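Top to bottom, those sequences are chains U and H.
If you count the first sequence from 1, you need to add 32 to reach the numbering used here.
If you count the second sequence from 1, you need to add 32 to reach the numbering used here.
By construction, the Cβ of each residue, glycine as well, lies at the ideal position given by its N, Cα and C atoms.
For clarity, every value in this text was computed on a predicted model and none was experimentally measured.
Number of protein chains: 2
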Amino acid sequence: MNDRFLRACRRQPVDRTPLWIMRQAGRYLPEYRALRERHGFSTLYREPELATQVTLQPIDRFDLDAAILFSDILVPAEAMGFRVEFNPGPVLDAPVRTAADVDRLGHVDVEASVPFVFEAIRLLRRQLEGRVPLIGFGAAPFTLAVYLVEGGGSRRFDRIKPLLFGEPETAHRLLARVTEVTTSYLTAQIRAGAQAVQLFDSWSGILGRVEYREFALPYARKVLEHLVGLGVPRIYFALDAAHLLPEIANCGADVIGVDWRLPLDEAFDRLGRRHVLQGNLDPCVLLAPPDRIREHAGQVLRAARGLPGHVFNLGHGVFPNTPIESIETLIDAVHSPRH
Amino acid sequence: MNDRFLRACRRQPVDRTPLWIMRQAGRYLPEYRALRERHGFSTLYREPELATQVTLQPIDRFDLDAAILFSDILVPAEAMGFRVEFNPGPVLDAPVRTAADVDRLGHVDVEASVPFVFEAIRLLRRQLEGRVPLIGFGAAPFTLAVYLVEGGGSRRFDRIKPLLFGEPETAHRLLARVTEVTTSYLTAQIRAGAQAVQLFDSWSGILGRVEYREFALPYARKVLEHLVGLGVPRIYFALDAAHLLPEIANCGADVIGVDWRLPLDEAFDRLGRRHVLQGNLDPCVLLAPPDRIREHAGQVLRAARGLPGHVFNLGHGVFPNTPIESIETLIDAVHSPRH
């Protein structure tokens, strides 16, 4: 088995830097678009056979060092009883707006309510046959709470933030509930066979440091600490969060994912010089010519030289308009860097 | 004349912290919405009498310490011959995509091409009669270049960034042209009577530090240095740029505007402990109850205590759904802080 990814997460020596790509199973792949013509987006992640097929597409095509479950970040919201539609971004039917809405959130049995996720993981482990490890994932509690309150994506965050500023107790009760769901969701993924998990805190970067310390960090840490006994690497990735790195240092993850805004060595310094890092090529570099892709990938590898471990990735999901050739160039540049 | 704002910018003692609000002339005001029902958005900034009326609306209603010209950030693009429509965000008719597009950009005489801006400033100075100083503004070169290349706002910036990464020479030629236009645009505003200017670098936060140092900072600095002899305070504001503060420290502005992501004292530290700061209440606080507005405004004022100068502002433009009462509470909290 190719265990480069797991070894790098665990600070063990590797023959070369492991590489996977956020959203590696997705729209930039013609074979994904072909499937998508026949099935709705939610069918692709709700049908274990289809989710398995999509997850394996980039593994079959490219020499990547990890697979990541194809799913949607709002599956835990579905488990909580929300109806999610895609238009094309996710839209929730009945967002959480009041203390009474929070009170109405009942007990959630994730294994019973979204069994397709765990079935896909079991299928994937069989079909991967140890080729590469399988990563599971979920939204961090703050990010999931943003979706529940905003009712989807947002530009101004003028529903969640007034809740934090105006009704902090309600916000904390919601976050506590979401933390329970996220914890059992990731626990069940690991029990089904996920060999690592990534917690996506996509929206925490909208917070100032004070609010991050109160509303995001403690809940992400609680999830990550719950999982520590299960023995798989735990990755925490917050987008646009360079200002939060001194706090993120204390989230309890084995690996910290960082976006492109700071070079890896500077991010490492701001995190206290002790973490394994994942990242951080700007996905827009993959829209530039091959020699620039090699050059920028080389910069990332050089900035990572002093780290206790490095998993190469983009600083954000790969864009749908990325040429396949760019991915091939990137993989070659990471596999055979020209120093 | 109320010169609190100018005094704070110049590190002179003030009787109380001056306050103005980004987008203080705009949609949250019923008197603005009433005008907007009768006139298109572009008419409001293209007709000097209307632009003057809109600029004065918040000054007549609230006890603010500065007025800011009501205009659009893409007026310099109009001066360069681009057609801008609003849908509702700005859309350019013929974005800059190639080296040939950059070559086609001709000489621009801003005073001849967008005379309405300078006429509005002259009218405003007469009608303000010294009540408060008048601030002019423009987009920083990188931000204006983003609009020209993306053809409007963007979410992925997958036009401008491939240009930076793939064709840096073309990007530099575009930025040099945009820098000339911005410099003459702000010079003409000051000559017409603007008593301070703010350079809005709304998009530079999408850049990593390396790219900011190459493509944004030198051009913003060039504009700011050109204006230094004109004797008015020069404010530089970059949104979502906490990771860039050590570079922003060298932009040459008298005042650095910062958003809410770092408390003012931490931003001051990261800037090298020498700048006057403007900011930085999260605009979402104004959607919370009055006691929370007072509390958060007090936190901003306390964090600003050690600065050589502080201009109170939001960390981003005020939202259209902000209650008038929240603005009144904020002004009172800044004028009469309860320590």
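What do you get for residue i, buried or exposed, if any count of 16 or more other CB atoms within 10 angstroms of its CB means buried?
i                     : result
residue 197 (chain U) : buried
residue 260 (chain H) : exposed
residue 329 (chain H) : buried
residue 234 (chain U) : buried
residue 44 (chain U)  : exposed
residue 211 (chain U) : buried
residue 49 (chain U)  : buried
residue 301 (chain U) : exposed
residue 119 (chain U) : exposed
residue 66 (chain H)  : exposed
residue 240 (chain H) : buried
Find the residues of chain H that neighbour residue i, judging by a C-beta separation of less than 7 Å, and give them in chain order.
i                     : result
residue 242 (chain U) : 295
residue 188 (chain U) : 351
At a CB-CB cut-off below 8 Å, which residues of chain H make contact with residue i?
i                     : result
residue 198 (chain U) : 319, 320, 321, 324
Going straight from the alpha carbon of residue i to that of residue j, what length do you get?
i                     : j                     : result
residue 96 (chain H)  : residue 58 (chain H)  : 15 Å
residue 117 (chain U) : residue 186 (chain U) : 15 Å
residue 288 (chain U) : residue 310 (chain U) : 6 Å
residue 47 (chain U)  : residue 34 (chain U)  : 11 Å
residue 74 (chain H)  : residue 126 (chain U) : 37 Å
residue 320 (chain H) : residue 199 (chain U) : 8 Å
residue 105 (chain H) : residue 229 (chain H) : 13 Å
residue 150 (chain H) : residue 340 (chain U) : 58 Å
residue 338 (chain H) : residue 271 (chain H) : 23 Å
residue 98 (chain U)  : residue 366 (chain H) : 53 Å
residue 139 (chain H) : residue 114 (chain H) : 13 Å
residue 194 (chain H) : residue 317 (chain U) : 6 Å
residue 348 (chain U) : residue 282 (chain H) : 29 Å
residue 236 (chain H) : residue 157 (chain U) : 43 Å
residue 297 (chain H) : residue 227 (chain U) : 43 Å
residue 304 (chain U) : residue 280 (chain U) : 10 Å
residue 56 (chain U)  : residue 148 (chain U) : 20 Å
residue 154 (chain U) : residue 345 (chain U) : 25 Å
residue 69 (chain H)  : residue 146 (chain H) : 24 Å
residue 152 (chain U) : residue 77 (chain U)  : 9 Å
residue 294 (chain H) : residue 82 (chain U)  : 44 Å
residue 169 (chain U) : residue 268 (chain U) : 10 Å
residue 364 (chain H) : residue 217 (chain H) : 35 Å
residue 192 (chain U) : residue 161 (chain U) : 43 Å
residue 213 (chain H) : residue 122 (chain U) : 41 Å
residue 141 (chain U) : residue 327 (chain H) : 40 Å
residue 313 (chain H) : residue 292 (chain H) : 6 Å
I want to see whether chain H comes within less than 8 Å of residue i, judged by CB atoms only; does it?
i                     : result
residue 208 (chain U) : no
residue 35 (chain U)  : no
residue 274 (chain U) : yes
residue 328 (chain U) : yes
residue 314 (chain U) : yes
Of all Cβ atoms in chain U, is any one closer than 8 Å to the Cβ of residue i?
i                     : result
residue 194 (chain H) : yes
residue 283 (chain H) : no
Quick check: is the beta carbon of residue i nearer than 8 Å to any beta carbon in chain C?
i                     : result
residue 292 (chain H) : Checking the listed chains, one finds no chain C in this structure; the protein chains it contains are U and H.
_Under 8 Å, with one C-beta from each stretch per pair, do the region 127 to 138 of chain U and the region 78 to 97 of chain U reach the 3-pair mark?_
no
*Taking contact to mean at least 3 C-beta pairs separated by less than 8 Å, is the region 349 to 356 of chain U in contact with the region 49 to 69 of chain H?*
no
_Three or more C-beta pairs under 8 Å: does that hold for the region 163 to 183 of chain U against the region 239 to 251 of chain U?_
Taking a cut-off of 8 Å for Cβ pairs, the region 163 to 183 of chain U and the region 239 to 251 of chain U touch, as three or more such pairs fall below it.
*Does the pairing of the region 270 to 285 of chain U with the region 207 to 221 of chain H give three or more beta-carbon distances under 8 Å?*
Remark: fewer than three beta-carbon pairs, one from each stretch, lie closer than 8 Å, so the region 270 to 285 of chain U and the region 207 to 221 of chain H are not flagged as touching.
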